[in-house]
Amino acid sequence: MDIVTPQQTGSNSRSKTSDLFVSIVGLIYRQSKEKMEDDDSKNSGIKEYDNFCTTYEQVLGEEDWQSPYVCAETVGTYITDNRDKVEILDLGVGTGLVGKRLHELGFRIFDGIDPSQGMLTLAKQKQIYRNLYCQFFTSEPTKIKESSYDAICISGAFGKGDIPEDSVYEMIRLGKPGCILCFVGRTVAFELLLPLLETLEKNKQLKKEEITETQKYRKDTPALIIVYRIIKD
């Protein structure tokens with residue numbers, strides 16, 4: 001999920017927004033237990049995000065999330081040249097804070113995917129995204145052509161109730177040879193992803209660049225930075 005620098009607010013406001021954040025996370029978890037198979041459950045989750053979008057950055061800022069900054073800066077460590085030509089896919093784009101930070105680092109070409117139109121409306125207002133797609137991202141092929149991106153990043157939107165682990169197959173399809181896959185999120189969110197990444201590396205579809213623990217994701221929250229590179233002929 002995206003985050004901004006914490007803003008100064010009163011204690012009552014902070015408590016209310018923190019409670020809202022917890023309720024949203026709880027909803028996502030409940031949906032994950034249902035495996036997001038029920039259309040009503042999916043629509044309920046999207047509606048919650050649509051309702052949440054106007055206070056999203058404030059709430060996550062108060063929760064001291066740093067995930068989008070970590071994600072964007074990690075991508076920057078792997079791509080240093082010709083940043084204005086690099087094509088990046090931002091999954092679970094939210095309000096566009098990963099893209100905003102990438103833009104500050106000199107990157108210029110971004111596409112984003114998110115199932116919440118409310119979130120995408122705010123991302124569009126940042127005027128940095130080339131294309132924004134309102135849809136869930138799964139293992140099912142999107143309409144985006146094969147080998148489109150130099151980097152694909154996910155900030156906090158991976159795991160239970162969000163982007164599923166088998167979506168990596170679609171990421172591989174969408175990535176160019178050498179494309180960077182950058183995941184930043186809670187350690188627990190990657191329990192199913194990590195074994196799959198190891199298998200794909202053994203199959204010579206991916207190459208591990210790093211798996212690093214970070215304290216910058218959110219206060220008192222164990223988190224990982226995971227970077228793999230796509231291998232294609």
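Numbering (the UniProt record's numbering) for the sequence shown: 1 to 233. C-beta atoms are modelled at their ideal positions from N, C-alpha and C, and glycine is treated no differently. Bear in mind that the values here come from a model prediction, so they are computed numbers and not experimental data.
Proximity of Ile231 and Lys207 at Cβ, strictly below 7 Å
yes
For Asp19, which residues in the same chain have their Cβ closer than 8 Å to its Cβ, ignoring the five residues on either side in sequence?
Any reading at Asp19 is ruled out, since the residue's pLDDT is 48, under 50, leaving its predicted position unreliable.
Looking at the unbroken beta strand (DSSP E) that takes in Leu91, where does it start and where does it end?
Glu87 to Leu91
Residue 319 versus Asp111: straight-line alpha-carbon distance, rounded:
The structure shown does not extend to residue 319, since the chain is modelled only from 1 through 233, so no value can be given for it.
Is Phe107 helix, strand or coil when you go by DSSP?
coil
Please classify Glu170 as buried or exposed, where buried requires at least 16 neighbouring CB atoms within 10 angstroms.
buried
If you count every other CB in all the chains shown that lies within 10 Å of the CB of Lys100, and 16 or more means buried, which is it?
buried
Please classify Arg130: is it buried, with 16 or more other beta-carbons within 10 angstroms of its beta-carbon, or exposed?
exposed
Straight-line Cα distance separating Met119 from Ile28
The predicted position of Ile28 is uncertain, since its pLDDT is 44 and thus under 50; no value can be drawn from it.
Excluding the five sequence neighbours on either side, which residues of its own chain have a C-beta within less than 8 Å of the C-beta of Thr221, listed in chain order?
Arg186
By a C-beta neighbour count over all protein chains shown, 10 Å radius and 16 as the cutoff for buried, is Val86 buried or exposed?
buried
Best match in Val168, Leu174 and Phe158 for proximity to Glu198 [C-alpha to C-alpha]:
Val168
Nearest residue (CA-CA) to Gly106, options Ile128, Leu122, Gln117 and Thr121:
Ile128
With a floor of 4 residues, list each alpha helix (DSSP H) that falls wholly inside the UniProt domain "Methyltransferase" (88–178), ordered by position along the chain.
97–104, 117–125 and 168–174
Where Pro68 and Asp233 are concerned, what is the direct C-alpha to C-alpha distance, given to the nearest angstrom?
31 Å
If you draw a straight line from the alpha carbon of Ile115 to that of Ile163, how long is it in whole angstroms?
Note on residue identity: the sequence assigns Pro, not Ile, to residue 115. Their Cα atoms are separated by approximately 10 Å.
Starting from Leu196 and walking both ways along the alpha helix (DSSP H), at which residues does that stretch end?
Leu193 to Lys202
When you compare the CB positions of Ile211 and Thr74, do they come within less than 7 Å of one another, or not?
no
Looking at the secondary structure, which residues open and close the alpha helix (DSSP H) in which Ala72 lies?
Ser67 to Tyr78
What do you get for Ser139, buried or exposed, if any count of 16 or more other CB atoms within 10 angstroms of its CB means buried?
exposed
Residues bridged to Ile226 [DSSP beta-bridge criterion]:
Phe183 and Ile211
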